[in-house]
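Visitor: Protein chains in written order, with the working numbering: chain B, 1 to 138; chain F, 139 to 403. We put the beta carbon where it would ideally sit given N, CA and C, even for glycine.
What follows is the structure, encoded as structure tokens:
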């Protein structure tokens with residue numbers, strides 16, 4: 001495989017590797033991937049419209065409701081590995097539904113927790129900008 | 139009456155001349171402005187949609203956000219194919235050219251240094267997922283386990299039930315072990331890929347709802363690569379995928395260096 005020949009996955013490599021995202025170009029780039037990169041990343045030059053930075057920060061926090069934390073992902077991973085494929089197809093479907101239901105409940109709980117956190121941050125943000133998080137102080 | 143603001147896409151290393159770029163946010167045309175010897179790509183936007191109150195409202199609307207995010211990305215991405223770029227944070231809006239130019243000119247030296255650091259580099263994203271082991275034993279063992287456990291459920295076959303529980307326990311611990319191994323493998327992959335990168339950045343793994351895949355994501359990383367590093371990166375990822383059959387690697391890129399534009403070296 002030569003340079004630029006990105007679409008071709010190595011022999012034995014998983015078929016999904018590289019192909020879809022690279023071959024189809026950026027117009028169809030995954031929205032999550034784009035938002036992850038543009039929302040609170042990039043060059044920060046304060047605009048005249050200052051409030052949008054706060055808005056974005058809040059939005060980003062909200063977005064993280066759907067972006068699992070590393071620990072959560074590991075938990076999900078472990079749940080997944082523990083998923084019981086040894087039961088009958090029917091039971092395994094039920095287990096899957098239970099798992100999905102559980103994930104939803106977890107998400108709701110996380111949602112509630114993050115909403116609380118958002119309120120705190122909102123209070124902080126409007127209370128005084130001196131206490132902004134370190135990644136915004138440069 | 140329409141009040142206009144200026145939406146910023148990126149600072150580019152490009153001295154003058156026309157730039158042909160896709161339409162910007164809300165279908166606006168992108169202009170190149172000079173600020174402190176740098177070129178800033180921007181377009182005029184209606185403050186009724188992109189003003190303070192409107193942004194506050196619109197950013198909460200995922201449909202609006204997607205449209206604007208994609209338009210913003212298309213411009214930055216097209217520019218990045220032509221010149222070294224320093225992508226601006228999304229939703230950087232000024233009231234007029236003059237204040238925008240002043241804000242960028244004030245930090246021209248810093249911006250030039252950042253351009254030198256990330257400009258000419260591309261960003262590549264690698265997501266690593268754990269994949270299930272395809273064991274031949276699985277479909278064979280399953281029917282036996284089902285029939286036995288069904289019997290045990292009625293309390294008629296305690297011996298078989300105990301055997302089933304024992305087997306389940308060892309299966310579960312084997313799966314836990316696989317999970318740990320997969321996480322360790324994902325770390326190895328990251329260390330290896332980092333060797334090629336000028337900088338790296340780790341993102342939180344995306345939830346299955348966002349990634350659109352059922353498999354757990356173990357790594358969500360961005361790598362800043364120079365031209366030489368980018369050239370062999372895809373094959374490096376391919377090799378890593380081949381070396382770790384318990385992982386699936388998903389490569390995206392090249393991206394403009396979004397994840398590294400705001401970071402100090």
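1. With burial defined as no fewer than 16 other Cβ atoms inside 10 Å of the residue's Cβ, what is the status of residue 175 of chain F: buried or exposed?
2. How do the stretch 173 to 193 of chain F and the stretch 234 to 251 of chain F stand: do at least 3 beta-carbon pairs fall below 8 Å, yes or no?
3. Output the boundary residues of the beta strand (DSSP E) element that contains residue 362 of chain F.
4. Taking the CB atoms as reference points, tell me whether residue 206 of chain F and residue 148 of chain F lie closer together than 7 Å.
5. Can you tell me where the beta strand (DSSP E) with residue 182 of chain F in it begins and where it stops?
6. Taking the alpha-carbon of residue 269 of chain F as reference, which of F/243, F/384, F/388, F/398 has the nearest alpha-carbon?
7. With respect to 6 Å, is the separation between the Cβ of residue 191 of chain F and the closest non-hydrogen atom of the ligand MG below this value?
8. Against chain F, does residue 118 of chain B count as a neighbour if the rule is that its beta carbon must be under 7 Å from one of theirs?
9. From residue 140 of chain F to residue 185 of chain F, what distance separates their C-alpha atoms?
10. Would you mind reading off the limits of the beta strand (DSSP E) that contains residue 408 of chain F?
11. Look at residue 239 of chain F and residue 327 of chain F and say whether their C-beta atoms are less than 7 Å apart.
12. Please report whether the beta-carbon of residue 37 of chain B lies at a distance below 7 Å from any beta-carbon of chain F.
13. For residue 209 of chain F versus residue 256 of chain F, is the C-beta spacing smaller than 7 Å?
14. Compare the beta carbon distance of residue 259 of chain F and residue 362 of chain F with 7 Å and say whether it is the shorter of the two.
15. What's the C-alpha gap between residue 170 of chain F and residue 112 of chain B?
16. Quick one: what's residue 385 of chain F bridged to in DSSP?
17. Can you tell which of F/229, F/220, F/307, F/330 has the C-alpha that lies nearest to the C-alpha of residue 43 of chain B?
Guide: Result, derived from the coordinates:
1. The residue is exposed, with fewer than 16 neighbouring Cβ atoms inside 10 Å.
2. With a cut-off of 8 Å, the stretch 234 to 251 of chain F and the stretch 173 to 193 of chain F count as touching, because enough Cβ pairs lie within range.
3. 355 to 363
4. no
5. 176 to 184
6. Comparing Cα-Cα distances from residue 269 of chain F to each of F/243, F/384, F/388, F/398, the minimum goes to F/384.
7. As for the ligand MG, it is missing from this structure, which has no ligand bound.
8. no
9. Approximately 8 Å, taken between the alpha carbons.
10. Not covered by the structure: residue 408 of chain F. The range shown for chain F is 139 to 403.
11. The Cβ atoms of residue 239 of chain F and residue 327 of chain F do not sit closer than 7 Å to each other.
12. yes
13. no
14. Yes, the pair counts as a contact, with Cβ atoms nearer than the cut-off.
15. 44 Å
16. F/268
17. F/229
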